[in-house]
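Note that my numbering has the sequence shown beginning at 648, numbered continuously upward.
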Amino acid sequence: MERIAIIDLGSNSIRFIIMQIGEHGAYKLIYQEKKSIRLAEGMTLTSRLLTEEAQQRALNCLAVYSHIIEVQKIKKVLAVATAAVRNAINGASFLKRVRMSTGIPMTIISGKAEAALGFAGVSHTIDQKDFLLFDLGGASVEISLVKNKKRIHSISIPIGAVTLTEMFQSSREVNQDKIETIQRFIQNVLSKVEWFPSEPLPVIGIGGTVRNLAKIHQRAVNYPLPKLHNYRFTVEDVFEEVRMITGKSYEERQKISGLSSERADIIIAGALVIQEILRKAKASYLTISGCGLREGLFFHYYDPIYDKSGEKQHDMLRCSVQNYLDTLPITYDFHTKYVTATALAMFDQWQKVHKLDPRMRDILAAAARLHDIGNLINYYSHARHSCYMTANAHIFGWTHSEQVMCALICAFHHGYSGKYLKANGQAHILTAAQMRQVRILSLFLAMAEGLDESQEHCITRVICTSYKAAMDLRVYTDRENFDVPAHATASFVKDFEKTFHLPFRIQWFPGSSHRNELVEAAQKL
């Protein structure tokens, strides 16, 4: 087991995480802390000095992190300083003070490196091929153009939420003239980015300002998921938020639900930068990434050792599910693989009946692998526990809706429950079409689970056929007695008939000498 401390000394905040890498390279976050220290306070484009007060705030915070690193006996520390220290005349001397007083070896990274690390944090955790990425900090904004998951262009521009606020004195109330002045300044800066896409592209944002905009939106719409990463909302909603924020006084901004009070003074400048980037990109939506530079630092360390092929990035959802499972003390992993293979066989063979998108196969596979994790809490109601754990798991490569769908499929792996559905507040984000997909996929999972009720893996093969007037499930077993799976699956016959509006029949073929196709398929998962 290995623990790694990662510190991102930003212009507004210091962020500190500890990642743990276990057997087989399974990793997880085990500690996180953030402190607003306003290191860039007092700096402008012309005054490039870190003030003594700002330095002392940073040193005090880093001393705390240094103590935690010592107590946790962490040997690997990845610590970087970004725009404020990079642009400061006294940046290098400040880092010497950091090393002497805390023992933390900190490196100043270039704007290009900062953009690369931010991109790494996003590309490992959001499964998007083509997009425009921005990372807005306190003293700079990094913008990258990504095509086919490759960073084509990047630029670091020395304007940020803190420095712009000080430059235009926008921490308190602002009038329309000042807003337009700031907008013109930002537009002028962005106009110099020659490779800005002419065609609309998805836009992904990193940074405290964009996360706060998302939190405000989530509170306004009563969003039921406590999750920001990969949250998406319309540009129209973003612009409406910016109008609302810029129209309020500092005291009023402090009371905005979802807005951190410590960011109320710098939110106007930051929000205007985001607005102009979205406007220039002709974007329809803004997607939030909760992962950025820190996670990029981690993957920069992790990949050459544990993921040389890049599989975890390119087969994101499947690998992320497996990574999550590998962090849990599970002893029944082959059973879930066997159930997964059985459920996928049904999905594939009944494609003409259910007519679901191939993406739903991935969601079914994830649910089948995760459906029993609730046993770690308690066997009783373990399907509901699996639902909760899945809905809150740190798994990458899917949308919020897909994660909720997967969680509900886990909840219904012993059968559908309308009562539980009504009690589940997160289900409200799903459409009627998505709920029908949940019904179908949970049926496949429930049937597959029932077929391996005894966990003997005695079903060697399933043949799923459909006609205009009926659906048939032919089950081949490696023994004569099939009472257990027959008893466990009998109750699902009516559910299939109700869902597909067709007569449904299970036929049993005991004592099959056929090779165990399902075990073979499970072994490949």
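Ideal Cβ positions, reconstructed from N, Cα and C, are used throughout, including at glycine.
- Query: To which residues does DSSP link F781 through a beta bridge?
  - Reply: Counted from its first residue, the sequence shown places residue 781 at position 134. Paired residue(s): I790, G852.
- Three-state secondary structure (DSSP) at D954? Counted from its first residue, the sequence shown places residue 954 at position 307. DSSP places D954 in coil when its eight states are reduced to three.
- Message: Considering only DSSP beta bridges, list what A1175 is partnered with.
- Response: This structure does not reach residue 1175, given that the chain is present from 648 up to 1172, and the question cannot be answered.
- Message: Please state the DSSP three-state secondary structure of M1118.
- Response: Position 471 of the sequence shown, counted from the start, is the residue given in the question as residue 1118. In this structure, M1118 counts as strand in the three-state DSSP scheme.
- Message: Tell me the residue span of the beta strand (DSSP E) that contains K675.
- Response: Mapped onto the sequence shown, residue 675 falls at position 28. Element bounds for K675: 674 to 683.
- Inter-residue spacing [alpha-carbon to alpha-carbon] between F778 and L848: Here residue 778 refers to the residue found at position 131 when the sequence shown is read from its first residue. Here residue 848 refers to the residue found at position 201 when the sequence shown is read from its first residue. C-alpha separation (whole angstroms): 5 Å.
- Message: Distance check for A730 and R1016, CA to CA, integer angstroms please.
- Response: The residue given as residue 1016 occupies position 369 in the sequence shown. The residue given as residue 730 occupies position 83 in the sequence shown. Rounded to the nearest angstrom, the two C-alpha atoms are 43 Å apart.
- Could you check where the alpha helix (DSSP H) with I892 kicks off and where it finishes? For the purposes of this step, residue 892 is taken as residue 245 along the sequence shown, with counting starting at 1. Here the alpha helix (DSSP H) through I892 covers 882 to 893.
- Message: Here's a check: name, in chain order, each residue in its chain whose Cβ is nearer than 8 Å to the Cβ of T1124, leaving out the five neighbours to either side.
- Response: Counting from one through the sequence shown, the residue named residue 1124 turns up at place 477. Closer than 8 Å at the Cβ level, and outside the excluded window around T1124, lie C1105, I1106, T1107, P1132, W1155, F1156, P1157, G1158, S1159.
- Extent of the continuous alpha helix (DSSP H) run through H800: Your numbering for residue 800 matches position 153 in the sequence shown. Premise fails: H800 lies in the beta strand (DSSP E), 797 to 804, not in any alpha helix (DSSP H).
- Message: According to DSSP, V1109 sits in a beta bridge with which residue or residues?
- Response: Residue numbering aside, residue 1109 sits at position 462 when the sequence shown is read from its first letter. According to DSSP, V1109 bridges with V1122.
- DSSP state of M666, grouped into three classes? The residue labelled residue 666 in the question sits at position 19 within the sequence shown. It is a strand residue.
- Quick one: residues in its chain with C-beta nearer than 7 Å to the C-beta of S838, no 5 flanking neighbours on either side, listed in chain order? Within the sequence shown, the letter at position 191 stands for residue 838. Excluding sequence neighbours, S838 sits near nothing in its chain.
- Query: Which runs of the alpha helix (DSSP H) fall wholly inside the stretch 963 to 1020 and span at least 4 residues, in chain order?
  - Reply: 963 to 973, 980 to 996, 998 to 1001, 1006 to 1017
- Task: Using three-state DSSP, classify F945 as helix, strand or coil.
- Result: The residue labelled residue 945 in the question sits at position 298 within the sequence shown. Looking at F945 - three-state DSSP - the assignment turns out to be helix.
- Query: Is the CB-CB distance between T710 and T749 below 8 Å?
  - Reply: Stepping through the sequence shown from its first residue, residue 710 is reached at position 63. Stepping through the sequence shown from its first residue, residue 749 is reached at position 102. Before going further, note that residue 710 is Ala rather than Thr in the sequence given. Yes, Cβ-Cβ distance for A710 and T749 is below 8 Å.
- Distance, Cα to Cα, N1163 vs G768? Your numbering for residue 1163 matches position 516 in the sequence shown. Your numbering for residue 768 matches position 121 in the sequence shown. Distance between the alpha carbons of N1163 and G768: 41 Å.
- Please determine, among V1166, E1127, S1064, the residue with the shortest C-alpha to C-alpha distance to D1142. Within the sequence shown, the letter at position 495 stands for residue 1142. Taking only the C-alpha atoms, the option nearest D1142 is S1064.
- Message: Give me, in chain order, the residues of the same chain whose beta-carbon lies closer than 8 Å to that of A1117; leave out the 5 immediate sequence neighbours on both sides.
- Response: As a working mapping, residue 1117 is identified with position 470 in the sequence shown. The residues are L1149, P1150, F1151, R1152.
- Query: If you follow the beta strand (DSSP E) that T934 is part of, which residue opens it and which one closes it?
  - Reply: In the sequence shown, residue 934 corresponds to position 287, counting from 1. Counting along the chain, the beta strand (DSSP E) containing T934 begins and ends at 932 to 935.
- Whose CA, out of R1008, G765, R650, T698, lies closest to the CA of E688? Taking the first residue of the sequence shown as 1, we reach residue 688 at position 41. The shortest Cα separation from E688 among R1008, G765, R650, T698 belongs to T698.
- Message: I'd like to check one pair, I1056 with S1089: are the Cβ atoms closer than 8 Å?
- Response: Indexing the sequence shown from 1 puts residue 1089 at position 442. Indexing the sequence shown from 1 puts residue 1056 at position 409. Yes; because the gap between Cβ atoms is below 8 Å, this pair is in contact.
- Looking only at C-alpha atoms, which of N734, G669, I668 sits nearest to L686? Numbered from 1 along the sequence shown, position 39 holds the residue referred to as residue 686. That would be N734, whose Cα lies nearest to the Cα of L686.
- Task: Mark W842 as exposed unless 16 or more other C-beta atoms lie within 10 angstroms of its C-beta, in which case mark it buried.
- Result: Numbered from its first residue, the sequence shown carries residue 842 at position 195. Exposed, because fewer than 16 other Cβ atoms sit within 10 Å of the Cβ of W842.
- Simplified DSSP state of Q775, which is helix, strand or coil: For the purposes of this step, residue 775 is taken as the residue at position 128 of the sequence shown. Of the three classes helix, strand and coil, the one that applies to Q775 here is coil, per DSSP.
- In the DSSP assignment, find the unbroken beta strand (DSSP E) run with Q702 in it and report its ends. If you number the sequence shown from 1, residue 702 lands on position 55. That residue, Q702, is in no beta strand (DSSP E); its alpha helix (DSSP H) goes 699 to 718.
- Quick one: is I664 buried, meaning 16 or more other Cβ sit within 10 Å of its Cβ, or exposed? Residue mapping note: residue 664 aligns to position 17 of the sequence shown, counting from 1. By the neighbour-count rule (16 or more Cβ atoms within 10 Å), I664 is buried.
- If we count the other Cβ atoms within 10 Å of its Cβ and call it buried at 16 or more, is M1082 buried or exposed? Working through the sequence shown from its first residue, we reach residue 1082 at position 435. Exposed, by the Cβ-count rule.
- Query: Taking C-alpha atoms, which residue in Q834, I799, E700 lies nearest to M690?
  - Reply: Taking the sequence shown and counting its residues from 1, one reaches residue 690 at position 43. Measuring from the Cα of M690, the nearest candidate turns out to be E700.
- Query: Given a threshold of 16 other Cβ atoms within 10 Å of its Cβ, counted over all protein chains shown, does K1171 qualify as buried or as exposed?
  - Reply: The sequence position of residue 1171 within the sequence shown is 524, counting from 1. The residue is exposed, with fewer than 16 neighbouring Cβ atoms inside 10 Å.
- Within 8 Å, strictly: CB atoms of L975 and F994: In the sequence shown, residue 975 corresponds to position 328, counting from 1. In the sequence shown, residue 994 corresponds to position 347, counting from 1. Not in contact: L975 and F994 (Cβ atoms no closer than 8 Å).
- Inter-stretch contact at 8 Å, needing at least 3 Cβ pairs: the stretch 811 to 821 / the stretch 885 to 892: no
- Query: Short check: CB of V850 to CB of T934, under 8 Å?
  - Reply: On the sequence shown, residue 850 is found 203 positions in, with the first residue counted as 1. On the sequence shown, residue 934 is found 287 positions in, with the first residue counted as 1. Cβ atoms of V850 and T934: closer than 8 Å.
- Message: With the cut-off set at 8 Å, would you say S770 and K796 are in Cβ contact?
- Response: Numbered from its first residue, the sequence shown carries residue 770 at position 123. Numbered from its first residue, the sequence shown carries residue 796 at position 149. Yes, they are a contact pair.
- Task: Inspect the beta-carbon positions of I751 and V745 and report whether they are closer than 8 Å.
- Result: Your numbering for residue 751 matches position 104 in the sequence shown. Your numbering for residue 745 matches position 98 in the sequence shown. Going by C-beta atoms, I751 is nearer than 8 Å to V745.
- Helix, strand or coil for Y1127, going by three-state DSSP, please let me know. Locating residue 1127 in the sequence shown gives position 480, counting from the first residue. Note that residue 1127 is Glu in the sequence shown, not Tyr. E1127: coil per DSSP, three-state reduction.
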